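Reading through the structure tokens given below for one structure.
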């Protein structure tokens, strides 16, 4: 078989084939780079969030804010046990308004809630809250 008369067509065909391979390679590299950029931005966002949370949790005023939970309801309804950065508080016979006020305060604080047990007895509520910061 004589390919001499078709050599220019073969060169064009091989060139076209190489051009297609280069195009798909470039396309794969660009999409990979975009994915890496997205991943990097997500990691930076996560690090910024971690730093912000460390600042909030390391706040010296947080202990004072947590101590305010003791004075939301009358002292006779509260059993308070605070050791270091851990708190165990039991509230007995709270009305719905007192419970709502307490939950609003607890949820607005930067604490990690380990256990939150709310039980209803009649028209009153009993709450046990364990948290750390």
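Residue numbers (this note's numbering): 56 to 188. From the three backbone atoms N, C-alpha and C, an ideal C-beta is built for every residue, glycine too. Just so it is clear, the structure is predicted and the values come from calculations on it, not from any experiment.
Given a threshold of 16 other Cβ atoms within 10 Å of its Cβ, counted over all protein chains shown, does residue i qualify as buried or as exposed?
{"i": "residue 144", "result": "buried"}
{"i": "residue 92", "result": "exposed"}
{"i": "residue 63", "result": "exposed"}
{"i": "residue 124", "result": "buried"}
If you compare alpha carbons, which of the options is closest to residue i?
{"i": "residue 150", "options": "175, 141, 187, 126", "result": "175"}
{"i": "residue 180", "options": "169, 67, 162, 152", "result": "152"}
{"i": "residue 185", "options": "113, 158, 97", "result": "158"}
{"i": "residue 141", "options": "112, 163, 156, 154", "result": "112"}
{"i": "residue 147", "options": "139, 134, 156", "result": "134"}
Tell me which residue opens and which closes the beta strand (DSSP E) that residue i is part of.
{"i": "residue 182", "result": "179–187"}
{"i": "residue 82", "result": "Careful: residue 82 lies outside any beta strand (DSSP E), inside the alpha helix (DSSP H) at 62–112."}
{"i": "residue 176", "result": "167–176"}
{"i": "residue 138", "result": "133–138"}
Between residue i and residue j, how many whole angstroms is the CB-CB distance? I'm expecting something under 8 Å.
{"i": "residue 187", "j": "residue 166", "result": "7 Å"}
{"i": "residue 168", "j": "residue 182", "result": "Not really, about 12 Å apart at Cβ, beyond 8 Å."}
{"i": "residue 75", "j": "residue 65", "result": "About 16 Å; that fails the 8 Å criterion."}
{"i": "residue 154", "j": "residue 120", "result": "Not really, about 19 Å apart at Cβ, beyond 8 Å."}
Using 7 Å as the cut-off, classify the Cβ of residue i as near or not near the heavy atoms of the ligand FMN, replying yes or no.
{"i": "residue 170", "result": "You won't find the ligand FMN in this model; it holds no ligand whatsoever."}
Following the continuous alpha helix (DSSP H) through residue i, name the residue where it begins and the one where it ends.
{"i": "residue 156", "result": "151–163"}
{"i": "residue 117", "result": "117–122"}
For the region 127–136 against the region 89–109, do three or more pairs of beta-carbon atoms, one drawn from each stretch, fall closer than 8 Å, so that the two count as touching?
As far as the Cβ criterion goes, the region 127–136 does not touch the region 89–109, which means the pair count is below three.
Is the region 115–126 close to the region 86–105, with three or more CB pairs under 8 Å?
Here the region 115–126 makes no contact with the region 86–105; the two share fewer than three CB pairs at distances below 8 Å.
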